[in-house]
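Enquirer: Mapping of the sequence shown onto the working numbering: position 53 corresponds to residue 193, and the numbering continues sequentially without gaps. Here you go, one structure.
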Amino acid sequence: MQAHYAAEFDREVGCTEAEWLGWLPDALGDRPWQLGPGAAHVTIDGGALALAWHVLPPRQIALIRMPRMAVAFRFTGVPDDVRYAFMRRFDLYMQRGGG
Numbered sequence: 141m142q143a144h145y146a147a148e149f150d151r152e153v154g155c156t157e158a159e160w161l162g163w164l165p166d167a168l169g170d171r172p173w174q175l176g177p178g179a180a181h182v183t184i185d186g187g188a189l190a191l192a193w194h195v196l197p198p199r200q201i202a203l204i205r206m207p208r209m210a211v212a213f214r215f216t217g218v219p220d221d222v223r224y225a226f227m228r229r230f231d232l233y234m235q236r237g238g239g
């Protein structure tokens with residue numbers, strides 16, 4: 141978990157677009173949002189988060205091929221503490237592991 145989230149940052153995520161879109165509603169919680177092609181706009185306490193993504197070529201390690209996407213996070217008008225709380229929940233929800 142990060143101690144701070146900048147107002148703008150980019151990430152590479154290891155999932156397909158279909159998986160991302162399946163997880164996104166629950167990761168956003170009860171925040172109002174609108175989905176567009178390769179993008180989503182989320183309202184957060186009077187501010188906003190613009191998400192934009194595109195599919196990258198799969199990462200290949202030996203015989204394993206892992207899907208990936210580039211995701212841009214752009215917050216506007218969201219105070220640091222609210223941004224931190226939102227992203228902490230978002231990251232915990234999106235976290236995947238095996239077992």
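Glycine included, each C-beta is placed from N, C-alpha and C at the ideal position. The structure presented is a predicted model; accordingly, all values stated were derived computationally and were not measured.
Which residue from W193, R228, D231 puts its Cα closest to that of A158?
Expert: Your numbering for residue 158 matches position 18 in the sequence shown. Considering only alpha carbons, the answer is W193.
Enquirer: Measure from the alpha carbon of G187 to the alpha carbon of each residue in R208, A147, A212, E152, then state which is nearest.
Expert: For the purposes of this step, residue 187 is taken as residue 47 along the sequence shown, with counting starting at 1. Per the Cα distances, A147.
Enquirer: Would the beta-carbon of A167 fall within 8 angstroms of that of M234?
Expert: Translated into positions along the sequence shown, residue 167 becomes position 27. Translated into positions along the sequence shown, residue 234 becomes position 94. Yes. Within cutoff.
Enquirer: Which one or two residues does DSSP pair with F213 in a beta bridge?
Expert: Reading the sequence shown from its first residue, position 73 is the one you call residue 213. F149, L191, per the DSSP bridge assignment.
Enquirer: Compute the distance between the beta-carbons of L191 and A180, then report whether it is under 8 angstroms.
Expert: Residue mapping note: residue 191 aligns to position 51 of the sequence shown, counting from 1. Residue mapping note: residue 180 aligns to position 40 of the sequence shown, counting from 1. Yes; because the gap between Cβ atoms is below 8 angstroms, this pair is in contact.
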